[in-house]
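J.: Handing you this structure, nothing more for now.
Numbering (our numbering), first residue to last: 665 to 891.
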């Protein structure tokens, strides 16, 4: 079973559902998909941070804890679209690594993103937006709810509790940023990091037509044809 956690934010509810539908449509494996919604986590984790552009900026780091530090799991932001079978991503797991991610190295094109929120440049930007978590790795046992509540964004998003040799690389096509890098028909996962195409200002972003098509799928139901 591929255990997947997807970021959920009520400011863009449709983004979560489009992302999940794209996972389901392409997958050929048994899936377990969990929304990372702060309301569902209230008995375990209290969000005390006041920065961040979405509700799962920090809760994503709860994945090893929620897995009881066992097995592997995938985390991904909700502003994404799968174009390939998530089983392929799952197959990249390397037990010698504590986490695996696309190791982006770029400068953003704009100082603002969706809803006017700041879009700062910082080292390892977007590394934590798609993560293959080796929840059983001993180095991840330090990542508890209390650790996350007390940590800064820089400490968490840069995986600073890990040595660099424990951070594995996955191909860039598994976290392609069309609004930063442009179109790529070979991309397996699209990530509109400046804003999901559900927002008016992002509706015509590169490759947004694929997101809008997936949004139609989530509203689909078969209908009886009448003569």
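A virtual CB, placed ideally from N, CA and C, is assigned to each residue, including glycine. Because the structure is a prediction, the values reported are computed rather than measured.
Just to confirm the assignment: which complete beta strand (DSSP E) runs, minimum length 3, are found wholly within the stretch 842-883?
T.: Runs of the beta strand (DSSP E) inside the stretch 842-883: 853-855.
J.: Taking the CB atoms as reference points, tell me whether residue 709 and residue 723 lie closer together than 8 Å.
T.: Against a cut-off of 8 Å, the Cβ pair of residue 723 and residue 709 comes out as a contact.
J.: How many angstroms separate the CA atom of residue 860 from the CA atom of residue 672?
T.: Residue 860 and residue 672: Cα-Cα distance of roughly 13 Å.
J.: Could you pull out every residue in the same chain whose Cβ sits closer than 6 Å to the Cβ of residue 826, ignoring the five residues on either side in sequence?
T.: For residue 826, where only same-chain residues beyond five positions count, the Cβ hits under 6 Å are 762 and 803.
J.: Report yes if the C-beta distance between residue 842 and residue 853 is below 8 Å; otherwise report no.
T.: Cβ atoms of residue 842 and residue 853: not closer than 8 Å.
J.: Between residue 750 and residue 690, which are expected to be in contact by the criterion C-beta below 8 Å, what is the C-beta distance as a whole number of angstroms?
T.: Indeed they touch by this definition, with Cβ atoms about 7 Å apart.
J.: How should residue 679 be labelled, buried or exposed, when 16 other C-beta atoms within 10 angstroms of its C-beta is the threshold for buried?
T.: Buried is the call here.
J.: Here's a check: name, in chain order, each residue in its chain whose Cβ is nearer than 7 Å to the Cβ of residue 729, leaving out the five neighbours to either side.
T.: Closer than 7 Å at Cβ, skipping near neighbours: 807, 808 and 809.
J.: Check for me: the alpha helix (DSSP H) holding residue 809 runs from which residue to which?
T.: Segment 809-814, the alpha helix (DSSP H) holding residue 809.
J.: List the endpoints of the continuous beta strand (DSSP E) containing residue 736.
T.: Element bounds for residue 736: 736-740.
J.: Evaluate residue 667 with the Cβ neighbour count: other Cβ atoms within 10 Å of its Cβ, from every protein chain shown; 16 or more gives buried, anything less gives exposed.
T.: Residue 667 should be labelled buried.
J.: Determine, using beta carbons only, whether residue 830 and residue 736 come nearer to each other than 8 Å.
T.: Taking 8 Å as the Cβ cut-off, residue 830 and residue 736 do not qualify as a contacting pair.
J.: Between which two residues does the alpha helix (DSSP H) containing residue 792 stretch?
T.: Unbroken run through residue 792: none, as it is neither H nor E.
J.: Give every residue of the same chain whose Cβ lies closer than 8 Å to the Cβ of residue 757, excluding the five residues on either side of it in the sequence, and list them in chain order.
T.: The answer, listed in chain order, is 736, 764, 796 and 798.
J.: Is the separation between the beta-carbon of residue 818 and that of residue 786 shorter than 8 Å?
T.: Closer than 8 Å, so yes.
J.: In three-state DSSP terms, what is residue 817?
T.: Note: residue 817 maps to helix in three-state DSSP.
J.: Would you kindly report the start and end of the unbroken beta strand (DSSP E) that includes residue 698?
T.: From DSSP, the beta strand (DSSP E) with residue 698 extends over 695-700.
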